[in-house]
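Participant: Order-wise, the sequence lines are chains A and B.
Sequential numbering from 1 applies to the first sequence in full-length UniProt numbering.
Sequential numbering from 1 applies to the second sequence in full-length UniProt numbering.
Using N, Cα and C, we set each Cβ at its ideal position, and we do this for glycine too.
As the structure is a computational prediction, the values presented were derived from the model and not from experiment.
2 protein chains.
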Amino acid sequence: MSTLETLKAELDGLQIEDNPQIVKQKSRDFFWYSPVLKHQLENVSAELVVTPKTEDEIVQVLKACYAHDVAVTTRGAGTGNYGQAMPLAGGVILNLAEMNKVKEIRPGVVVAEAGAIISTIDDECRAHSGQELRLHPSTYRTATIGGFIAGGSGGVGSINWGGLRDAGNVIRLRVLTMEAEPRVLEMKGEDLQKVMHAYGTNGVITEVEMPLTASYDWVDVLVGFDAFMDSVHFADALGNQDGLLLKEIAPIAAPVPHDYFLRHQKFIRKDQSVVVCMVAPFAMDAFAAFVGRNSEASILYRSDTADEGVKKGLPPAYELAWNHTTLRGLRVDPNVTYLQVLYPYPNQVEKVRTMVELLGDEVPAHLEYVRFDGKVTCFGLPIVRYSSEDRLNEIIKLHEDNGCPIFNPHRYTLEEGGMKQTDAVQLAFKKEADPKGLLNPGKMIAWEDPSYDYSSEKLFLFPGLQTG
Amino acid sequence: MSTLETLKAELDGLQIEDNPQIVKQKSRDFFWYSPVLKHQLENVSAELVVTPKTEDEIVQVLKACYAHDVAVTTRGAGTGNYGQAMPLAGGVILNLAEMNKVKEIRPGVVVAEAGAIISTIDDECRAHSGQELRLHPSTYRTATIGGFIAGGSGGVGSINWGGLRDAGNVIRLRVLTMEAEPRVLEMKGEDLQKVMHAYGTNGVITEVEMPLTASYDWVDVLVGFDAFMDSVHFADALGNQDGLLLKEIAPIAAPVPHDYFLRHQKFIRKDQSVVVCMVAPFAMDAFAAFVGRNSEASILYRSDTADEGVKKGLPPAYELAWNHTTLRGLRVDPNVTYLQVLYPYPNQVEKVRTMVELLGDEVPAHLEYVRFDGKVTCFGLPIVRYSSEDRLNEIIKLHEDNGCPIFNPHRYTLEEGGMKQTDAVQLAFKKEADPKGLLNPGKMIAWEDPSYDYSSEKLFLFPGLQTG
Ligand SMILES: Cc1cc2nc3c(=O)[nH]c(=O)nc-3n(C[C@H](O)[C@H](O)[C@H](O)COP(=O)(O)OP(=O)(O)OC[C@H]3O[C@@H](n4cnc5c(N)ncnc54)[C@H](O)[C@@H]3O)c2cc1C
Ligand SMILES: Cc1cc2nc3c(=O)[nH]c(=O)nc-3n(C[C@H](O)[C@H](O)[C@H](O)COP(=O)(O)OP(=O)(O)OC[C@H]3O[C@@H](n4cnc5c(N)ncnc54)[C@H](O)[C@@H]3O)c2cc1C
Numbered sequence: 001m002s003t004l005e006t007l008k009a010e011l012d013g014l015q016i017e018d019n020p021q022i023v024k025q026k027s028r029d030f031f032w033y034s035p036v037l038k039h040q041l042e043n044v045s046a047e048l049v050v051t052p053k054t055e056d057e058i059v060q061v062l063k064a065c066y067a068h069d070v071a072v073t074t075r076g077a078g079t080g081n082y083g084q085a086m087p088l089a090g091g092v093i094l095n096l097a098e099m100n101k102v103k104e105i106r107p108g109v110v111v112a113e114a115g116a117i118i119s120t121i122d123d124e125c126r127a128h129s130g131q132e133l134r135l136h137p138s139t140y141r142t143a144t145i146g147g148f149i150a151g152g153s154g155g156v157g158s159i160n161w162g163g164l165r166d167a168g169n170v171i172r173l174r175v176l177t178m179e180a181e182p183r184v185l186e187m188k189g190e191d192l193q194k195v196m197h198a199y200g201t202n203g204v205i206t207e208v209e210m211p212l213t214a215s216y217d218w219v220d221v222l223v224g225f226d227a228f229m230d231s232v233h234f235a236d237a238l239g240n241q242d243g244l245l246l247k248e249i250a251p252i253a254a255p256v257p258h259d260y261f262l263r264h265q266k267f268i269r270k271d272q273s274v275v276v277c278m279v280a281p282f283a284m285d286a287f288a289a290f291v292g293r294n295s296e297a298s299i300l301y302r303s304d305t306a307d308e309g310v311k312k313g314l315p316p317a318y319e320l321a322w323n324h325t326t327l328r329g330l331r332v333d334p335n336v337t338y339l340q341v342l343y344p345y346p347n348q349v350e351k352v353r354t355m356v357e358l359l360g361d362e363v364p365a366h367l368e369y370v371r372f373d374g375k376v377t378c379f380g381l382p383i384v385r386y387s388s389e390d391r392l393n394e395i396i397k398l399h400e401d402n403g404c405p406i407f408n409p410h411r412y413t414l415e416e417g418g419m420k421q422t423d424a425v426q427l428a429f430k431k432e433a434d435p436k437g438l439l440n441p442g443k444m445i446a447w448e449d450p451s452y453d454y455s456s457e458k459l460f461l462f463p464g465l466q467t468g
Numbered sequence: 001m002s003t004l005e006t007l008k009a010e011l012d013g014l015q016i017e018d019n020p021q022i023v024k025q026k027s028r029d030f031f032w033y034s035p036v037l038k039h040q041l042e043n044v045s046a047e048l049v050v051t052p053k054t055e056d057e058i059v060q061v062l063k064a065c066y067a068h069d070v071a072v073t074t075r076g077a078g079t080g081n082y083g084q085a086m087p088l089a090g091g092v093i094l095n096l097a098e099m100n101k102v103k104e105i106r107p108g109v110v111v112a113e114a115g116a117i118i119s120t121i122d123d124e125c126r127a128h129s130g131q132e133l134r135l136h137p138s139t140y141r142t143a144t145i146g147g148f149i150a151g152g153s154g155g156v157g158s159i160n161w162g163g164l165r166d167a168g169n170v171i172r173l174r175v176l177t178m179e180a181e182p183r184v185l186e187m188k189g190e191d192l193q194k195v196m197h198a199y200g201t202n203g204v205i206t207e208v209e210m211p212l213t214a215s216y217d218w219v220d221v222l223v224g225f226d227a228f229m230d231s232v233h234f235a236d237a238l239g240n241q242d243g244l245l246l247k248e249i250a251p252i253a254a255p256v257p258h259d260y261f262l263r264h265q266k267f268i269r270k271d272q273s274v275v276v277c278m279v280a281p282f283a284m285d286a287f288a289a290f291v292g293r294n295s296e297a298s299i300l301y302r303s304d305t306a307d308e309g310v311k312k313g314l315p316p317a318y319e320l321a322w323n324h325t326t327l328r329g330l331r332v333d334p335n336v337t338y339l340q341v342l343y344p345y346p347n348q349v350e351k352v353r354t355m356v357e358l359l360g361d362e363v364p365a366h367l368e369y370v371r372f373d374g375k376v377t378c379f380g381l382p383i384v385r386y387s388s389e390d391r392l393n394e395i396i397k398l399h400e401d402n403g404c405p406i407f408n409p410h411r412y413t414l415e416e417g418g419m420k421q422t423d424a425v426q427l428a429f430k431k432e433a434d435p436k437g438l439l440n441p442g443k444m445i446a447w448e449d450p451s452y453d454y455s456s457e458k459l460f461l462f463p464g465l466q467t468g
């Protein structure tokens, strides 16, 4: 009997899928965002998809795979866009789609299974007690909370709370190790960083405890500008308004808003740059006064006064922002891709100007205002009109040469993506939690290559764990 | 019949007090915080206290006083500490203590009468839907919301939301003018600044609409340090932790915590400096991890694990902070007073060090971390061991010479206090709203002195209204 057949027999009773078409589909994520990864990962597939319904069933899968040396790649909703969830060594996809229950809601806290869809968690928290999660990716309506923690970084709400990397944005994770007898780890405080943004390489998150904040009927607003740099100054000042509650501030350069936001196109001229905002309803008077003080700004659309019929036909503002901007671009022009940039405080505005002047319409700007180390600054997710990998690398180098670190979304390893720094502590934890290296193999260079030198001067979003 | 007798007759049916003892008591606030004001204002008194129960009754009072040219000074709870509420020209005290109803609570918003006590508003909002006000002075349990808006600036919560001056921290004010026929103004957006922090010189606020945020059972924590500057570095880093939800961060230099916080004395060594914190309960793990990373810091007290009996005997942490630090000092040593300082970002820590080195134990430091123009920095409310007015002025000058603006709490006028800048727009509004200058006379220099030059290079907390 082949290993696969043995495994299937041992997992009898669990929900298993081995139809190659479906398995391949469940082995893919949004890696095709990147023309580079598209090429590299096109043929990646697992052999089996197992969809457990309980933590016990996950333990069963891990034990069996450990015994037979089969790779296990955990999957949330597969919306990651660096190939995070793609099983380079084949084996089993551990699909958490059915581990999706919200288990407990109390003031400021929700406990949920890792496979719960983010918007479902919010729906339940809102109905329960007017609460919602602090942060969500723009894949709010499709992504899982476990996938966000293991593969994401931040998003809508980061203007108030920073990113997932910031202490306090995750309270507790329940994690299973990949051993002969999988252990349950309850991780809190300092320990959390060991499993966060690790692409599931050192444990399977089964349950999460997340902080909540007050929930509101956020008002979607598009503010238009004739000149992109005016929109940046506006967004920068807006982000520094301490009493104005917004959940999202994203300046996007013309012609992206008009050309790619097809259902909003009627509100936007081709030469207009736009700041996409989500504003607390009770802040709208103060927000309007703020816009009024800025002669370059005009409100193109606001959902609180829009006709119900008009509103129904539009996607929510957050689905114009973060990685959805790129997605909308890709739908109109399959040749675009994007980058991830940090414009470090306090020179963010000047650095944006420099890059815009250098790259023009080859790299139309898209900024996301966030709190970063206590300051308001911006990330960039600029659209790139892709010509070749060489040119893409030149564009990356131009950013770095101008003091704008790149988190490269055209790499599938943790380290090269630039978000996760590995070090001896991280590696020691991996050795404990996944001694055979069966969890999502190929994603952590420090593990694959014992001679890897992880002493790096590079900026990592999730820094290494070594202290002192 | 004297004017007073006529007035009393015209206001028959309203709650009126003319017992000179009681009237004098209701004519005073916490002006005696300042040895300078104590001397200047000691004999100030109104002639009559009227305590209206409805807006109609207020209109009646204003009409009668307008007709007879009688000054009207509005009073909340009289906890202002620059003599804001003291009737320099005598006349009537309009006591809003009975205008104290909470009228409406919805997501993110409360509507209340101006005389409502701040903690009462929170109690009702918490019970209604787990909400609370964003900001409150440390006089939470005594001060009125109207008095806070007309005479205060910020406080607990300012680390998250900035101050009252920031757009969005007040939604709407309902204001009565002082005219033959008092008008009702509903002020929002840009207009709000006309009546905010104006000591009631240009209208009587009868109703307020304020933003709410999520309410939690805040954990009181005292963190101890051997060296004050270590406590400042700790607080500065803590305030910049985007994911750690705190409502209060106040470093206070030894020996103030031990000497003046009598009921907490058992937790604090005389040579220990303390950071007073209020932490969201669900942030305590992350907070403890943050403290753990700092070898100089140790948790002296935390209310979430304290014995119920011990806890009951202690005042809440916010009553150790803001102006309560000074109050506790004054109770132990009647010769102390205080100052109000801004340590401007980004040099706050260095400026604090400079002032501490210059002034030593004559001016023990007390900092309050806040958001200010989008950055985390600190105000100071240092204790001053008072010797003479000249020395106090020297100390003020030393701060200013070192780039630390002073908001002088030893002055009773708006302008000299440094919090409110008057200008032509402000003055024009006063002319409309109070043409006879009967509202709280003597507090606005621009009004009293037509030759006053309000073009000033000084920093004002509430800037002028002239744009462009
Ligand atoms: C249109 C679009 C918009 C996006 N916007 C954002 C954004 O705003 N912010 C952002 O951060 N990201 C964004 N992303 C990336 C991605 O959507 C998010 O990271 C998302 O939260 C991933 O969730 P998922 O459930 O799809 O995870 P998956 O893609 O299924 O998994 C992500 C990674 O986590 C691992 N993993 C999943 N579940 C677990 C678990 N329970 N235990 C251990 N490991 C696990 C997987 O193996 C994989 O490595 C976007 C992507 C797209 C395509
Ligand atoms: C121990 C102590 C701690 C303090 N802590 C803080 C603090 O943390 N933050 C802070 O900002 N302040 C603080 N203060 C100052 C003061 O307590 C606050 O400003 C407080 O909010 C004032 O409220 P009140 O109801 O007592 O107002 P009052 O003292 O009665 O009035 C203040 C001013 O507002 C005017 N006024 C009152 N009500 C109205 C109205 N309805 N319409 C128009 N004008 C009106 C009065 O005429 C007066 O000029 C403190 C004072 C003390 C003594």
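#1: What are the boundary residues of the beta strand (DSSP E) that includes residue 106 of chain A?
#2: Would residue 465 of chain A pass as an interface residue toward chain B - the criterion being a Cβ-Cβ separation below 8 Å?
#3: In chain order, what residues of the same chain lie with their CB nearer than 6 Å to the CB of residue 320 of chain B, ignoring the 5 residues before and after it?
#4: Work out the CA separation of residue 72 of chain A and residue 430 of chain A for me, nearest whole Å.
#5: Restricting to runs no shorter than 3 residues, where is the beta strand (DSSP E) found entirely within the region 379 to 449 of chain B?
#6: Rounded to the nearest angstrom, what separates residue 468 of chain A and residue 295 of chain B at their Cα positions?
#7: Going by C-alpha distance, which of B:222, B:228, B:175 is nearest residue 209 of chain B?
#8: Which first and last residues belong to the beta strand (DSSP E) in which residue 207 of chain A is found?
#9: Find the nearest neighbour of residue 227 of chain B within the set B:131, B:43, B:15, B:297, judged by alpha-carbon distance.
#10: Go to residue 338 of chain A, then tell me how far its beta strand (DSSP E) extends in each direction, as first and last residue.
#11: Kindly confirm or deny that the region 265 to 273 of chain A and the region 146 to 165 of chain B touch, where touching means at least three C-beta pairs closer than 8 Å.
#12: Apart from the five residues just before and just after residue 332 of chain B, which ones in its own chain have a Cβ nearer than 8 Å to its Cβ?
#13: Does DSSP put residue 292 of chain B in a helix, in a strand, or in coil?
#14: For the candidate residues B:362, B:220, B:288, B:246, whose alpha-carbon lies nearest to that of residue 306 of chain B?
#15: Residue 3 of chain A and residue 49 of chain A - do their beta-carbons sit closer together than 8 Å?
#16: Measuring CB to CB, does residue 82 of chain B end up less than 8 Å from residue 417 of chain B?
#17: Counting only C-beta atoms, is residue 245 of chain A closer than 8 Å to chain B at any point?
#18: When you compare the CB positions of residue 420 of chain B and residue 197 of chain B, do they come within less than 8 Å of one another, or not?
#19: Are any of the Cβ atoms in chain A nearer than 8 Å to that of residue 190 of chain B?
#20: Going by DSSP, which residues form a beta bridge with residue 273 of chain B?
#21: I want to see whether chain A comes within less than 8 Å of residue 375 of chain B, judged by CB atoms only; does it?
#22: So which residues on chain A does residue 109 of chain B lean against when the C-beta distance must stay under 8 Å?
#23: Look at residue 324 of chain B and residue 301 of chain B and say whether their C-beta atoms are less than 8 Å apart.
#24: Would you mind reading off the limits of the alpha helix (DSSP H) that contains residue 38 of chain A?
#25: Do residue 399 of chain B and residue 252 of chain B have their beta-carbon atoms positioned less than 8 Å apart in this structure?
#26: Can you find a C-beta in chain A that's less than 8 Å from the C-beta of residue 343 of chain B?
#27: What residues match up with residue 251 of chain A in a beta bridge as DSSP calls it?
#28: For the alpha helix (DSSP H) containing residue 351 of chain A, list its first residue and its last residue.
#29: Give the straight-line distance between the Cα atoms of residue 428 of chain A and residue 362 of chain B, rounded to the nearest whole angstrom.
#30: Identify, in the order they occur along the chain, each residue of the same chain with its Cβ nearer than 8 Å to the Cβ of residue 375 of chain B, setting aside the five sequence neighbours on each side.
#31: By the 9 Å beta-carbon criterion, what residues does the region 147 to 167 of chain A contribute toward chain B?
#32: State the beta-bridge partners of residue 298 of chain B as determined by DSSP.
#33: Does the count of Cβ pairs from the region 164 to 184 of chain B and the region 116 to 126 of chain B closer than 8 Å reach three?
#34: According to DSSP, simplified to helix, strand and coil, what is residue 133 of chain B?
Facilitator: If we stick to the structure as given:
#1: Secondary structure note for residue 106 of chain A: its beta strand (DSSP E) is the uninterrupted segment 102 to 106.
#2: Not closer than 8 Å to any Cβ of chain B, the Cβ of residue 465 of chain A fails to qualify, so no.
#3: Only 261, 276 meet the Cβ criterion.
#4: Looking at the two C-alpha atoms, the distance is approximately 14 Å.
#5: Within the region 379 to 449 of chain B, the complete beta strand (DSSP E) runs of at least 3 residues fall at 383 to 385.
#6: Residue confidence for residue 468 of chain A is low, a pLDDT of 42 falling below 50, so the modelled location carries little weight; the figure read from the coordinates is stated next. Between residue 468 of chain A and residue 295 of chain B, the C-alpha separation is close to 11 Å.
#7: Selection B:222, B:228, B:175 evaluated against residue 209 of chain B yields B:175 as nearest (Cα-Cα).
#8: Under the DSSP assignment, residue 207 of chain A falls in the beta strand (DSSP E) whose first and last residues are 204 to 214.
#9: Looking only at B:131, B:43, B:15, B:297, the smallest Cα-Cα distance to residue 227 of chain B is reached by B:297.
#10: It spans 336 to 338 - the beta strand (DSSP E) in which residue 338 of chain A sits, taken as one unbroken run.
#11: No: fewer than three Cβ pairs fall under 8 Å.
#12: 259, 260, 262, listed in sequence order.
#13: In the displayed model, residue 292 of chain B falls within a helix according to three-state DSSP.
#14: Selected option, being the one with the closest Cα: B:220.
#15: No; because the gap between Cβ atoms is not below 8 Å, this pair is not in contact.
#16: Less than 8 Å separates the beta-carbon of residue 82 of chain B from that of residue 417 of chain B.
#17: By this cut-off, residue 245 of chain A is an interface position.
#18: With contacts defined as CB atoms closer than 8 Å, residue 420 of chain B and residue 197 of chain B qualify as a contacting pair.
#19: The beta carbon of residue 190 of chain B sits closer than 8 Å to some beta carbon of chain A.
#20: Residue pairing for residue 273 of chain B: DSSP places it in a beta bridge opposite B:225.
#21: At least one chain A Cβ lies under 8 Å of residue 375 of chain B.
#22: Here the neighbours are 282.
#23: Going by C-beta atoms, residue 324 of chain B is not nearer than 8 Å to residue 301 of chain B.
#24: 35 to 41 is the extent of the alpha helix (DSSP H) around residue 38 of chain A.
#25: If you check the CB distance, residue 252 of chain B and residue 399 of chain B do not come in under 8 Å.
#26: No, because no Cβ of chain A sits closer than 8 Å to the Cβ of residue 343 of chain B.
#27: According to the DSSP secondary-structure assignment, residue 251 of chain A is paired through a beta bridge with A:275.
#28: Per DSSP, residue 351 of chain A belongs to the alpha helix (DSSP H) from 348 to 359.
#29: Taking the straight line from one Cα to the other gives about 53 Å.
#30: 345, 346, listed in sequence order.
#31: From the region 147 to 167 of chain A, only 158, 160, 161, 162, 163, 164, 165, 166, 167 have a Cβ closer than 9 Å to chain B.
#32: Partner(s): B:224.
#33: Flag = no, the region 164 to 184 of chain B and the region 116 to 126 of chain B do not touch.
#34: Three-state DSSP puts residue 133 of chain B in a strand.
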